[in-house]
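Trainee: For the sequence shown, our numbering assigns the number 1 to the initial residue and increments by one for each residue that follows.
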Amino acid sequence: MMTNKKTLKRQYLETKTRAGVYAIRNQITGRALVAGSTNVQGTLNRHRFELRYGQHRNARLAQDWVEHGETNFLFDVLDMVQPSEDPAFNAAQELEMLVGLWRQEIPCVGELGYDQPRSEPR
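(1) Compute the Euclidean distance between the alpha carbons of Ser-119 and Asn-58, then round it to the nearest angstrom.
(2) Kindly list the residues whose CB is nearer than 8 Å to the CB of Arg-122, restricted to its own chain and excluding five residues on each side of it in sequence; keep chain order.
(3) What residue does the beta strand (DSSP E) around Gly-20 start on, and which one ends it?
(4) Express the C-alpha separation of Glu-67 and Ala-92 in angstroms, rounding to a whole number.
(5) Under 8 Å by Cβ, that's how I've got Leu-78 and Val-21 pegged, so tell me the actual separation to the nearest angstrom.
(6) Identify whether Gly-138 lies in helix, strand or coil by the three-state DSSP scheme.
(7) Quick one: what's Leu-74 bridged to in DSSP?
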């Protein structure tokens with residue numbers, strides 16, 4: 001059993017984080033949050049944790065979570081930044097571009113969304 005824990009811990013520590021675009025969608029209201037992160041899986045886990053324990057930083061999203069319940073929300077990875085060998089490749093710029101494209105596809109601002117203007121990826 002101890003070996004299994006050590007193996008799992010080592011695998012976790014060796015796992016590379018991936019940058020990508022994600023969405024949190026309310027299936028009742030249609031509202032969505034679309035954002036990017038350099039660690040997309042970790043960020044989605046943080047959102048779930050904060051919502052479950054009433055600590056989320058987005059008041060509107062937190063209120064809808066309480067009102068509509070966890071089962072009415074979808075957490076999706078929409079796109080991933082593809083690594084490149086090109087020395088001129090800028091992953092942060094690529095992530096920002098992908099977030100912009102997905103925000104055009106999924107309404108997520110104003111009454112239709114939870115997005116709050118922010119300059120850097122989450």
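Ideal Cβ positions, reconstructed from N, Cα and C, are used throughout, including at glycine.
Mentor: So, from the data block:
(1) Note on Ser-119: pLDDT 46, under 50, position unreliable in the model; the coordinate value appears next. For Ser-119 and Asn-58, the distance between alpha carbons rounds to 16 Å.
(2) Reliability of the predicted coordinates at Arg-122 is poor, the pLDDT of 46 falling under 50, and the value obtained from them is presented with this limitation in mind. Same-chain partners within the cutoff: Ala-35, Gly-36, Ser-37 and Thr-43.
(3) Note, Gly-20: beta strand (DSSP E), 20 to 26.
(4) Between Ala-92 and Glu-67, the C-alpha separation is close to 35 Å.
(5) Confirmed, Cβ separation roughly 5 Å.
(6) An answer regarding residue 138 cannot be provided, because it is not within the stretch 1 to 122 covered by the chain.
(7) In the DSSP output, where bridge partners are listed per residue, Leu-74 has Arg-25.
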